[in-house]
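To start, the structure under review is shown below, and the notes come after it.
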Amino acid sequence: GSVLDRIREIDPRVGAYITVAKETALSRAAAADRTVAEGRIGPLTGIPLAVKDLICTRGLRTTCASRILENFVPPYDAAVIEALNAENAVIIGKVNMDEFAMGSSTENSAMGITRNPWDLSRIPGGSSGGSAAAVAADMCLGALGSDTGGSIRQPASHCGVVGLKPTYGRVSRYGLVAFASSLDQIGPLTKDVTDCALVLSAIAGHDRRDSTSVPRPVPDYTAALRSDIAGIRIGLPREYHSAEGLSPEVSSAVRSAVEVLEGMGARCVEISLPHAEYAVAAYYLIAPSEASSNLARYDGVKYGFRDREPGDLLEMYRGTRSRGFGPEVQRRIILGTYALSAGYYDAYYGKASQVRTLIVTDFRKAFDVCDVILSPVAPTPAFPIGEKVDDPLTMYLSDIFTLSANLAGIPGMSVPCGFSAEGLPIGLQLMGNHFDEETLLKVGYAFE
Ligand code: GLN
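If you're matching positions, the sequence shown starts at 27 in UniProt numbering and goes up one per residue.
Pasting the structure below:
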C-alpha cells in the first residue's frame, strides 16, 4: 500500500514505471499476509519488487519499452518471476528501460524517459534505468534488471543503489526477452548488499528451460556476508585507472574506497587486463550481431504491432519493423546484419569472438593473483538528459568498464562509494571469478 502511494506521489516526476499492477499486487500482498498468519514467513514474503519490462510476467503487459511489443501480454512467467512468486514476493509493476535494453541512459524508450531521482535533469543510467530509479526513490524495495554490457551496474551506480550481474549461467534466462543471448543475465538492484544477497538467493539456480543455465548448487549468499575480508587480494587493473575519459571525481572516489578496504585488511595487487581496450569494439560487434538475429522474430506476424497499410507481405514486414522499432534498435539490427553477412563474418564477428577469448584469458590470469577486481563502473557520474542521445559512439564509450565482465561471463557488482561535488552518487565495481558472487557480496558488504 505505501509503495503504491509513493509511486502515485513521486512517479509522475521520475517516470520509472511503465505499468503498475495495482490490483494483482494488492491481492498478492493479501495472500502473503495470510502465509505470515500461518507462520510461514521468508525473507521476501510480501516484499514489493519492480521488474524490468523485458522479463515476461503472465497476464501483465511486457513491452521491452518498444512500440513493437506495446500490447504484448505474455502467457507465461519467466523463471525468475516463478521463483519470486514462490517466495511470496509482490510484483508491483514493470519498469522503464532502453528499448530492448539497448542503451545506457533509458532515453531510448518508446514509453518516455526516466529521470534520475537525485537530480531530475539527469539520466538514471541504463538500460535498467527504471529499476534503479524505482529503488532509489523508494517506489519498491528492490528490482530485477538485466545486464548485457552493464545495464544493471551502471544505472545502479548512477542512482546510488547496489546492482549485481551474476555469472553467465547462474540465473535462468527463460522468459527474458533476448537481446544478446551470450551476454544477457538477470540480476537484482537493491538498497543494500544484504537485500542483493537475498534476491540473488531466490532467483539463482539451474533451469532446464535455459540450456546455458548451470547445474551448480546455489550457496547461501547471506552467509557470505558474515565472514571478514582480512587478507583478501584486490586486483587493481593498471589500464582502468588511466582510462581516457575517467573523471577525477570518479577516480578519487574509487581510490578512497580502496583505502577503506585496505584499512580492513585487504591487500591490493596491481593486475593487467591488456585487452580491455578492445572490449568496446568487440562488444559492439557481438551484441548487435546477436540482436539482429534475436529480433528477426518481430515481423508483424507472430507478436505485437503490425503495420496495416495495404501492400504485400514484404511491405508489411518493412512497415512493421520501421515503425515498430526505434532508431537505436534499427541501428543495431543494421550493424549486426552487416557484420554477420557472407564475406564479412570472419572479418567482424569472427575477429570479435577471438578478442573475446583474449579478454577471458586476461581475467583468468588476473584471478591467479587476486580474489576480486576493483574498478570504476562508469567514467563519469550521471550526465544531463539529452547530452549523448544524438551521439551513439560517445554513449557506447561510456560502457568501457562494464562490458568486459559480460564478454568473459564473470559476475560484476556495483556498490555506492561516494558522491560528486554536485551530490551525484558514484559507484565502484567489483568483479569476481566465475560463480564467485560470494566474494563480491562479502567485499561489498564490508565496504558499504
Ligand atoms: N549500454 C550497453 C548497450 O547499449 C549495455 C546494455 C545492456 O547491458 N543491456 O548495449
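Quick reminder that beta carbons are idealized off the backbone N, C-alpha and C, glycines included.
Fair warning: this is a prediction, and the values are worked out from it, not measured in the lab.
Met-439 CB to nearest heavy atom of ligand 1 below 6 Å: False, no ligand heavy atom lies under 6 Å from that Cβ.
Strictly by DSSP, which residues pair up with Pro-300? Per DSSP, none; premise fails for Pro-300.
Whether Asp-233 touches Thr-174 by CB criterion (7 Å): No, Cβ-Cβ distance for Asp-233 and Thr-174 is not below 7 Å.
Only counting the same chain, and skipping five residues up and downstream in sequence, which positions put a Cβ closer than 6 Å to that of Val-295? If you ignore the 5 residues before and after Val-295, its C-beta comes within less than 6 Å of the C-beta of Arg-259, Gly-261, Val-395, Cys-396, all in its own chain and listed in chain order.
Within 10 Å of its beta-carbon, does Val-219 have 16 or more other beta-carbons around it, so buried, or fewer, so exposed? By the 16-neighbour rule on beta-carbons within 10 angstroms, Val-219 is buried.
Return yes when the Cβ of Ala-434 is within less than 7 Å of the Cβ of Phe-389, no when it is not. Taking 7 Å as the Cβ cut-off, Phe-389 and Ala-434 qualify as a contacting pair.
In this structure, what does DSSP give as the bridge partners for Arg-293? DSSP lists Arg-259 as partners of Arg-293.
Take the Cβ of Asp-246 as the centre, count every other Cβ of all protein chains shown within 10 Å, and call the residue buried at 16 or more, exposed below. Counting Cβ neighbours within 10 Å, Asp-246 comes out exposed, since fewer than 16 surround it.
For Thr-83, which three-state DSSP category applies? The answer is strand: DSSP assigns Thr-83 an E or B state.
Tell me which same chain residues have a C-beta within less than 8 Å of the C-beta of Ala-307, skipping the five on either side of it? Taken in chain order, the residues that qualify are Ala-378, Val-381.
Would the segment 329-342 and the segment 403-420 be scored as touching if the rule is three or more Cβ pairs under 8 Å? Flag = no, the segment 329-342 and the segment 403-420 do not touch.
Contact the segment 227-244 vs the segment 136-143: 3+ CB pairs below 8 Å: Not touching, per the Cβ criterion.
So Tyr-343 is in the alpha helix (DSSP H); what residue range does that whole segment cover? According to the DSSP assignment, Tyr-343 belongs to the alpha helix (DSSP H) that extends over 339-350.
Provide the residue span of the alpha helix (DSSP H) that contains Gly-156, from first to last. Start and end: 155-162.
Report buried or exposed for Gly-444, applying the criterion of at least 16 other Cβ atoms within 10 angstroms of its Cβ. Around the C-beta of Gly-444, 16 or more other C-beta atoms lie within 10 Å, and the residue is accordingly described as buried.
For Leu-429, the nearest candidate out of Gly-376, Glu-133, Pro-150, Ile-178 (CA to CA): The alpha carbon of Leu-429 has as its nearest neighbour, out of Gly-376, Glu-133, Pro-150, Ile-178, the alpha carbon of Ile-178.
Are Ile-118 and Val-29 close, meaning C-beta to C-beta below 7 Å? Ile-118 places its beta carbon less than 7 Å from that of Val-29.
For the beta strand (DSSP E) containing Lys-468, list its first residue and its last residue. Where Lys-468 is concerned, there is no enclosing beta strand (DSSP E), although the alpha helix (DSSP H) it sits in stretches over 463-473.
Here's a check: name, in chain order, each residue in its chain whose Cβ is nearer than 6 Å to the Cβ of Pro-69, leaving out the five neighbours to either side. Leaving aside the five residues that flank Pro-69 on each side, the residues in its chain whose CB is nearer than 6 Å to its CB run, in chain order, Leu-224.
Within 10 angstroms of its Cβ, does Arg-347 collect 16 or more other Cβ (buried), or is it exposed? Taking every protein chain shown into account, the CB of Arg-347 has 16 or more other CB atoms within 10 angstroms, so this residue is buried.
Ser-208 versus Glu-64: straight-line alpha-carbon distance, rounded: Rounded to whole angstroms, Ser-208 to Glu-64 spans 43 Å at the Cα level.
Reduced DSSP secondary structure (H/G/I, E/B, other) of Val-188: Val-188: strand per DSSP, three-state reduction.
Is the beta carbon of Ser-424 sitting closer than 7 Å to the one on Thr-363? Contact flag unset, no.
Rounding to the nearest angstrom, what Cα-Cα distance links Ala-105 and Leu-202 in this structure? Taking the straight line from one Cα to the other gives about 9 Å.
Start-end ranges of the alpha helix (DSSP H) lying completely within the segment 172-235, minimum 4 residues: Segments of the alpha helix (DSSP H) lying fully in the segment 172-235: 179-185, 219-229.
So what does DSSP say about Tyr-329, is it helix, strand or coil? Tyr-329 sits in coil when the DSSP states are folded into three classes, being neither helix nor strand.
Please report the Cβ distance between Pro-181 and Ser-147, rounded to the nearest whole angstrom; I am assuming they are in contact, meaning their Cβ atoms lie under 8 Å. For Pro-181 against Ser-147, the beta-carbon gap comes to about 16 Å, at or over 8 Å, which does not count as contact.
Look at Val-121 and Ala-76 and say whether their C-beta atoms are less than 7 Å apart. Yes, these two residues count as a Cβ contact at 7 Å.
Between which two residues does the beta strand (DSSP E) holding Leu-433 run? Leu-433 -> not in any beta strand (DSSP E); alpha helix (DSSP H) instead, spanning 429-434.
Within 8 Å, do at least three Cβ pairs link the segment 84-99 to the segment 326-333? Remark: three or more beta-carbon pairs, one from each stretch, lie closer than 8 Å, so the segment 326-333 and the segment 84-99 are flagged as touching.
Compute every distance between the C-beta of Gly-362 and the non-hydrogen atoms of ligand 1, then say whether any falls below 6 Å. False, no ligand heavy atom lies under 6 Å from that Cβ.
Skipping 5 residues on each side, what residues in its chain have a beta carbon closer than 7 Å to that of Tyr-89? The sequence as given places Thr at residue 89; Tyr does not occur at that position. Once the five neighbours on either side are set aside, the close Cβ partners of Thr-89 are Ile-44, Asp-79, Leu-95, Glu-96, Phe-98, Met-137.
Can you tell me which of Cys-82, Ser-282, His-184, Phe-205 puts its alpha carbon nearest to the alpha carbon of Leu-170? For the residues Cys-82, Ser-282, His-184, Phe-205, the minimum Cα distance to Leu-170 belongs to Cys-82.
Can you tell me whether Gly-376 is helix, strand or coil according to DSSP? In the structure shown, Gly-376 sits in a helix (DSSP, three-state: H, G or I).
Figure out for me which residue from Pro-353, Val-398, Ala-365 has the closest Cα to the Cα of Gly-257. Comparing Cα-Cα distances from Gly-257 to each of Pro-353, Val-398, Ala-365, the minimum goes to Val-398.
Please report the distance separating the alpha-carbon of Glu-35 from that of Asp-164. Distance between the alpha carbons of Glu-35 and Asp-164 is about 11 Å.
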